[in-house]
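Engineer: Per my numbering, the sequence shown starts with residue 955, numbered consecutively. Backbone N, C-alpha and C fix where the C-beta goes; we use that ideal spot for every residue, glycine too. What follows is a structure written as structure tokens; I'll ask about it next.
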Amino acid sequence: MATKELIRTQYDDYTEKELLLYVNKKSKMSFIDLALAVTGLGTGVVGDWLEEKVAGEIAKRLSATLSGLGYALAFGEIFNMIQDDIEAKELEKEIVKMKDNDSMRIITKTYMWLSGSGNHTGYTTEVTYKII
């Protein structure tokens, strides 16, 4: 029987101002909040940009941590797993609710999967986010 073992949970917080600054820099515009940026740029655009930013930053920290724990996962593998788990439109639904002093907490759980025979090992991530 295949097994799935949690090997790491990581929390990353992003302030509304930090995310807005990134969106404004990327769009070369000056939105005053994320809700206006989503409306002004169209559904999916802001989510896609933030998905890429967040996945890259989390993957960088997570690959170093997992390497230190003895797990051989390349940055690119982790980046792709995290990016696959983040749904840009779902992320947008959350960020438009953010107020000036809010932060977005992104929780990344990394699992090691072992086949029933023990011949195959794989890794997966689960990403969730909430406003704090």
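May I have the straight-line CA-CA distance separating Ile1049 from Lys1014, to the nearest angstrom?
Structural biologist: Here residue 1049 refers to the residue found at position 95 of the sequence shown. Here residue 1014 refers to the residue found at position 60 of the sequence shown. Going from the Cα of Ile1049 to the Cα of Lys1014 covers about 23 Å.
Engineer: Is the segment 1050-1057 touching the segment 1004-1013 in the sense that three or more CB pairs, one from each, lie closer than 8 Å?
Structural biologist: no
Engineer: Just to confirm the assignment: which complete alpha helix (DSSP H) runs, minimum length 4, are found wholly within the segment 986-1012?
Structural biologist: 988-995
Engineer: Using the beta-carbon count (16 or more within 10 Å), is Ala937 buried or exposed?
Structural biologist: The structure shown has nothing for residue 937, since the chain only spans 955 to 1086.
Engineer: If I follow the unbroken alpha helix (DSSP H) through Ser1087, where does it start and stop?
Structural biologist: What is shown of the chain runs 955 to 1086, which leaves residue 1087 out entirely.
Engineer: When DSSP labels each residue in this structure, what does Ile1086 get in the three-state scheme?
Structural biologist: Residue numbering aside, residue 1086 sits at position 132 when the sequence shown is read from its first letter. It is coil, neither helix nor strand.
Engineer: Measuring only the C-alpha atoms, how far is Leu960 from Tyr1083?
Structural biologist: Within the sequence shown, the letter at position 6 stands for residue 960. Within the sequence shown, the letter at position 129 stands for residue 1083. The straight-line gap from Cα to Cα measures roughly 18 Å.
Engineer: Check each candidate in Val999, Asp987, Phe1029 and name the one with the smallest Cα separation from Leu1045.
Structural biologist: To locate residue 1045, count along the sequence shown from 1; it is residue 91. Comparing Cα-Cα distances from Leu1045 to each of Val999, Asp987, Phe1029, the minimum goes to Val999.
Engineer: Let me know the secondary structure DSSP gives Leu1023 once reduced to three states.
Structural biologist: Numbered from its first residue, the sequence shown carries residue 1023 at position 69. Leu1023 falls in the coil class under three-state DSSP.
Engineer: Could you tell me which residues DSSP pairs with Glu1080 in its beta bridges?
Structural biologist: Within the sequence shown, the letter at position 126 stands for residue 1080. According to DSSP, which records beta bridges pairwise, Glu1080 is partnered with Lys1063.
Engineer: Can you tell which of Trp1067, Ser1071, Lys1063 has its C-alpha closest to the C-alpha of Thr1019?
Structural biologist: In the sequence shown, counting from the first residue as 1, residue 1019 sits at position 65. With distances taken between Cα atoms, Thr1019 lies closest to Lys1063.
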